[in-house]
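Numbers given in our numbering equal positions in the sequence shown, counted from 1, plus 405.
Ideal Cβ positions, reconstructed from N, Cα and C, are used throughout, including at glycine.
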Amino acid sequence: MKKYLRSFWLAIPVVAGLAFVSFRQDDRLFEIARNLDIYATLFKELNAYYVDEINPNQLIKTSIDDMLRSLDPYTVYYAEDDIEDYMTMTTGKYNGIGAIVSSSDKKHTVMMVYEDTPAQKAGLQLGDEITKINGIDLSTREDFDTGKLLKGQTQTGVTLTVKRYGIPKPLEISLNRDIVKVTNVPYYGMISEDVGYIDLKDFTATASREVRNAFQELKGKGMKHVILDLRDNPGGLLNMAIEISNIFIPKGQEIVSTKGKVSEWNKTYTAYNPALDTEIPVVVLTNNRSASAAEIVSGVIQDYDRGVLIGQRTYGKGLVQTTRDLSFNTKMKITTAKYYIPSGRCIQAIDYSHRNDDGSVGKIADSLMTEFKTTNGRSVFDGGGILPDILTEKETYSPLATSLGRNRLFFDYAVKYHFEHPTIKPAKEFHLSDADYTAFVKWLGDKEYDYTTQVERDMNDLEASAKKEKSFEVIEDQLKALKSKLSHSKDNDLQIFKPEIKKVLEEEVIKHYYLEKGMREASFNEDPEVKAALALFKDPARYNQILKKK
């Protein structure tokens with residue numbers, strides 16, 4: 406190893422010298438070679454003389470990560486230890502037990518269990534606190550990833566020691582790891598007599614097959630209208646976006662084109678299969694966390710006037726990443742192009758190529774956006790995500806509900822409720838009674854949580870402004886009196902916001918019995934975008950009018 410390192414360091418000046426001769430006529434390539442030489446020399450000196458021992462792998466990775474972060478958030482380096490995470494991101498598969506574990510304050514709590522996985526089959530429950538893995542006491546371990554300990558080769562055994570609410574003695578749960586497939590479509594079903602619903606949450610390698618299977622099954626059940634839910638979908642594989650668009654768009658139609666620095670990589674992608682259905686009325690749901698591949702699908706549906714978009718403006722990620730293999734089994738995901746949907750627009754909202762003096766970046770100004778036309782001649786615009794045809798308000802929560810969620814009090818009470826109530830009604834039918842809500846309020850009595858209302862924030866700003874302008878003493882007494890009157894009362898707020906708090910608590914309780922599917926199923930009656938879609942389907946004239954030229 407020492408011989409190898411010595412050869413490496415001796416080689417650096419030679420490479421730099423050759424670079425100086427070879428690239429003298431190309432200033433840019435010379436600057437690259439020169440700076441690589443400086444970097445190698447700097448690291449050699451740092452390794453030799455820094456007062457403490459350094460971790461070369463960690464230090465190099467930090468420098469690479471910071472360098473790439475200065476470009477955009479999507480150009481990412483994957484060290485050899487991170488390759489499994491990369492594979493999970495692209496395939497939706499990993500070898501493990503099928504549970505999400507949150508680590509906080511040296512406690513490792515099961516927050517979700519996926520259906521039909523080793524964790525569910527072995528009886529692991531939400532709220533279980535994992536104290537040991539294969540006899541290793543987690544309280545003695547510092548700075549480690551619980552998830553990596555739970556992952557491993559298929560059919561290898563793992564024994565968990567867990568604390569479960571209401572059970573005094575620790576439980577030992579033994580299970581075999583297996584291939585865990587995180588589904589792209591966690592839920593689909595009929596939500597009315599003739600309306601089907603498909604919840605698409607990711608674009609990994611099986612996304613197209615899952616959506617196609619769901620679509621065909623729902624058509625077999627009498628579906629005459631479909632809701633495709635792309636809210637909170639961060640995107641994924643480009644080919645999956647193309648194939649899913651092709652479900653609704655005829656063969657031969659352009660789906661997306663990519664343009665970047667390497668002209669040989671520029672390409673126009675068309676629908677290459679017959680569509681499953683080009684007539685069924687479609688509503689696509691979006692929000693500000695619908696990004697990338699999700700925006701391609703929603704944009705294609707809009708550009709061809711194939712369906713109506715309902716929700717909030719999408720995130721605005723019009724960039725394409727390509728994965729490049731590096732040495733020593735490492736990889737880099739690099740932004741190589743921008744994508745353009747059929748109308749010709751690129752919906753990239755943030756201009757990473759022009760940064761402010763402080764390094765921050767801003768969104769493209771509305772005044773710089775260009776108008777494009779859909780097939781029917783409707784106006785659409787680039788540079789700011791996809792704007793839905795029907796805008797709805799983003800769902801917001803009161804400071805009280807936000808605080809209860811942040812302090813995990815909804816979750817902890819659901820663990821208690823689950824222990825005390827072995828069964829509940831089906832997800833669609835379950836509701837907490839007023840007595841249940843009163844019990845929750847009483848349970849909160851000794852729990853720590855606080856929040857600041859918007860009015861209180863405004864009052865604090867007013868007080869700060871008064872002090873700055875030297876007028877505080879004049880209005881100090883009035884401000885104190887007003888602040889006293891406006892100061893929030895937890896007991897009062899728990900009654901004022903009872904409908905909201907009760908709804909969130911109901912969904913949390915349902916999750917502990919019926920997992921993700923049940924929670925989604927229970928939300929339909931209160932979901933503003935789903936309600937808007939159902940209302941639109943009942944008004945075909947309005948649906949058709951939205952898609953006509955304005």
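Between the options, which has its C-alpha nearest residue i's C-alpha?
i: F608; options: S597, I596, G627, D634; result: D634
i: D708; options: M737, N734, E659; result: E659
i: K833; options: S928, D521, R569, I701; result: S928
i: T740; options: E853, K666, Q530, F786; result: K666
i: E688; options: I701, K736, I795; result: In the sequence as displayed, the identity of residue 688 is Val instead of Glu. Minimum Cα distance to V688 is reached at I795.
i: I1033; options: A680, R614, L792; result: Absent from the structure is residue 1033, since the part of the chain shown begins at 406 and ends at 955.
i: M628; options: V616, E598, I652, D637; result: E598
i: Q726; options: N644, V702, D898, F448; result: N644
i: T467; options: Y454, V481, Y455, E458; result: V481
i: E825; options: A844, D521, S808, R813; result: A844
i: T588; options: I578, I603, T683; result: I603
i: F777; options: P747, R760, H759; result: P747
i: P679; options: Y757, A946, R617, S662; result: R617
Compute the Euclidean distance between the alpha carbons of residue i and residue j, then round it to the nearest angstrom.
i: L410; j: L464; result: For L410, the predicted structure reports a pLDDT of 42, less than 50, and the residue's modelled location is therefore unreliable. A value from the coordinates is still provided. Looking at the two C-alpha atoms, the distance is approximately 17 Å.
i: Y519; j: V506; result: 12 Å
i: Y677; j: P478; result: 32 Å
i: I951; j: D762; result: 43 Å
i: E911; j: N949; result: 37 Å
i: P461; j: K553; result: 22 Å
i: L476; j: S765; result: 11 Å
i: A376; j: T797; result: Look at the range of the chain in this structure, 406 to 955, and you will see that residue 376 is not part of it.
i: S703; j: T496; result: 22 Å
i: I829; j: K908; result: 16 Å
i: I701; j: V879; result: 58 Å
i: D611; j: R729; result: A small fix is needed here, since residue 611 is Thr in this sequence, not Asp. Using only the alpha carbons, I get a separation of about 22 Å.
i: K875; j: L884; result: 14 Å
i: T493; j: G850; result: 42 Å
i: G594; j: F733; result: 46 Å
i: D457; j: L451; result: 10 Å
i: L814; j: I578; result: 26 Å
i: V590; j: S695; result: 15 Å
i: L809; j: D944; result: 39 Å
Leaving out five residues on either side along the sequence, give the residues of the same chain with a beta carbon under 6 Å from the beta carbon of residue i.
i: G641; result: D607, F608, T609, A698
i: Q525; result: V518
i: L941; result: Y948
i: H823; result: H917
i: V914; result: A819, Y822
i: E362; result: Because the chain in this structure spans residues 406 to 955, residue 362 falls outside the shown range and cannot be described.
i: M516; result: I505, S507
So what does DSSP say about residue i, is it helix, strand or coil?
i: Q726; result: strand
i: A742; result: strand
i: T843; result: helix
i: S427; result: Summary for S427: the model assigns pLDDT 49, below 50, so the residue's position carries little reliability, and this model does not support an answer.
i: N440; result: helix
i: G552; result: helix
i: F608; result: strand
i: E520; result: coil
i: A504; result: strand
i: D682; result: coil
i: N644; result: helix
i: E534; result: strand
i: H513; result: strand
i: V585; result: strand
i: M492; result: helix
i: S928; result: helix
i: L731; result: coil
i: S965; result: With the chain covering only 406 through 955, there is no way to say anything about residue 965.
Within the same chain, show all residues whose beta-carbon is closer than 7 Å to that of residue i, passing over the 5 residues directly before and after it, in chain order.
i: K953; result: N781
i: I584; result: K498, N500, T559
i: P575; result: T536, T566, V567, K568
i: L447; result: none
i: T691; result: L635, R636, S703, L714, G716, Q717, T719, I791, P793
Among the residues of its own chain, which have a CB less than 8 Å from the CB of residue i, if the five just before and after it don't count?
i: Y483; result: D490, Y491, T735, K736, M737, K738
i: S889; result: none
i: E905; result: Y802, S803, A806
i: D682; result: F620, K624, I652, F653
Given the structure, does residue i come close to the ligand NAP, in the sense that its CB is under 6 Å from one of the ligand's heavy atoms?
i: G716; result: The ligand NAP is absent from the structure shown, which contains no ligands of any kind.
With a cut-off of 7 Å, does the C-beta of residue i fall near any C-beta of chain B?
i: E913; result: Protein chain content of the structure displayed is limited to a single chain, and chain B is not contained in it.
Check whether the segment 466 to 476 touches the segment 717 to 734, counting contact only when three or more Cβ pairs, one atom from each stretch, lie closer than 8 Å.
-> no
Spell out a yes or no on whether the segment 915 to 923 and the segment 850 to 859 are touching, meaning 3 or more CB-CB pairs, one atom from each, closer than 8 Å.
-> no
Do the segment 798 to 809 and the segment 486 to 504 make contact, defined as three or more Cβ pairs closer than 8 Å?
-> no
Could you tell me whether the segment 751 to 759 touches the segment 509 to 525, where touching means 3 or more Cβ pairs closer than 8 Å?
-> no
Are three or more beta carbon pairs between the segment 619 to 635 and the segment 555 to 571 nearer than 8 Å?
-> no
Report yes or no: do the segment 811 to 831 and the segment 771 to 786 share at least 3 C-beta pairs separated by less than 8 Å?
-> Taking 8 Å as the limit for Cβ pairs, the verdict is that the segment 771 to 786 does not touch the segment 811 to 831.
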